[in-house]
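The next block holds one structure in the form of structure tokens; read it before the comments.
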Ligand SMILES: CC(C)(COP(=O)(O)OP(=O)(O)OC[C@H]1O[C@@H](n2cnc3c(N)ncnc32)[C@H](O)[C@@H]1OP(=O)(O)O)[C@@H](O)C(=O)NCCC(=O)NCCS
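In this note's numbering, the protein residues as written are 27 to 196.
If you want it as structure tokens, here you go:
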């Protein structure tokens, strides 16, 4: 059993998080950008630590989803983004712990609901969320996407078809 501690990222954590959790094109910029959002009070960037090693993360955004088609239907609902656990550490309950920690943080701020989008082509993640009490909102499928600069300096775009799930909190 792997034990982890979960806490919001701190300035002094950034270097090691950028070094150890660099599995996609957006690292390291995404970690520092999320730290800045946390500093502004817009989000909480939770990081799971195994000793001195960061092994997972989850972004909790207070303003809710920014995906336009959903905005009118899903109000007063903080949004979760980019739940991730390093492959070697998966299936040890760390993803569940990160979600529970985000839910607890939202409850402490007086929220009664929390939500997240999941790709329709990620059935394992969808089943994982359903098991933890998340349910489809009935708002249907929507496409989300963005533009980024890859490691070679070329502009690339991505799109993903998702459904939105929410959970009512105690
Ligand atoms: C989804 C994820 C965060 C779960 O983290 P975790 O620490 O393994 O979660 P837990 O140990 O609490 O639960 C494990 C369960 O997650 C589910 N799961 C969902 N997606 C999975 C994946 N890509 N790989 C492995 N398990 C996954 C499985 O049901 C698994 O159960 P199992 O161990 O019996 O197979 C992790 O698998 C991950 O980082 N996946 C890649 C990123 C991703 O798909 N994020 C979700 C985006 S919406």
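Glycine included, C-beta positions come from ideal geometry on N, C-alpha and C.
By the DSSP assignment, the beta strand (DSSP E) with residue 4 in it spans what residues? Residue 4 is absent from the model: the chain starts at 27 and stops at 196.
Go ahead and pull the three-state DSSP assignment for residue 59. It is helical.
Nearest candidate by alpha-carbon position, reference residue 72, set 155, 33 and 94: Ranked by how close their Cα comes to the Cα of residue 72, the residues 155, 33 and 94 have 33 in first place.
Under 7 Å from any heavy atom of ligand 1, does the C-beta of residue 120 make it? Under cutoff, so the answer is yes.
Does the Cβ-Cβ distance between residue 143 and residue 99 come in under 8 Å? Taking C-beta atoms as the reference points, residue 143 and residue 99 fail to come closer than 8 Å.
Quick check on residue 104: buried or exposed, where buried means 16 or more other Cβ atoms within 10 Å of its Cβ? Using a 10 angstroms sphere on the CB of residue 104, the tally of other CB atoms reaches 16 or more, which defines it as buried.
Is residue 154 close to ligand 1? I mean its beta-carbon at under 7 Å from any heavy atom of the ligand. At least one heavy atom of ligand 1 is nearer than 7 Å to the Cβ of residue 154, so yes.
Buried or exposed: where does residue 70 fall if 16 or more other Cβ atoms within 10 Å of its Cβ makes it buried? Per the 10 Å Cβ criterion, buried.
Any heavy atom of ligand 1 within a distance shorter than 7 Å of the CB on residue 109? Yes, ligand 1 has a heavy atom inside 7 Å of this Cβ.
Would a C-beta distance cut-off of 8 Å place residue 28 and residue 115 closer than the cut-off? Result yes, Cβ atoms of residue 28 and residue 115 sit closer than 8 Å.
Could you give the C-beta distance for residue 192 and residue 145, rounded to a whole number, given that I count them as a contact under 8 Å? No, residue 192 and residue 145 are not in contact; Cβ-Cβ is about 17 Å, not under 8 Å.
Let me make sure I understand the geometry here. Which of 136, 188 and 194 has the alpha-carbon closest to that of residue 167? Ranking 136, 188 and 194 by Cα distance to residue 167 puts 188 first.
Simplified DSSP state of residue 116, which is helix, strand or coil: Residue 116 falls in the coil class under three-state DSSP.
Closer than 7 Å to a non-hydrogen atom of ligand 1 - does that hold for the CB of residue 76? Taking the Cβ of residue 76 as the reference point, every heavy atom of ligand 1 lies at 7 Å or farther away.
What is the residue span of the beta strand (DSSP E) that residue 32 lies within? Boundaries of the beta strand (DSSP E) around residue 32: 31–34.
I want to know whether the segment 36–52 touches the segment 85–92 - three or more CB-CB distances under 8 Å. Note that the segment 36–52 does not touch the segment 85–92; fewer than 3 beta-carbon pairs, one per stretch, sit closer than 8 Å.
Going by C-alpha to C-alpha distance, which of 160, 74, 81 and 119 sits closest to residue 194? Ranking the options by Cα distance to residue 194, first place goes to 160.
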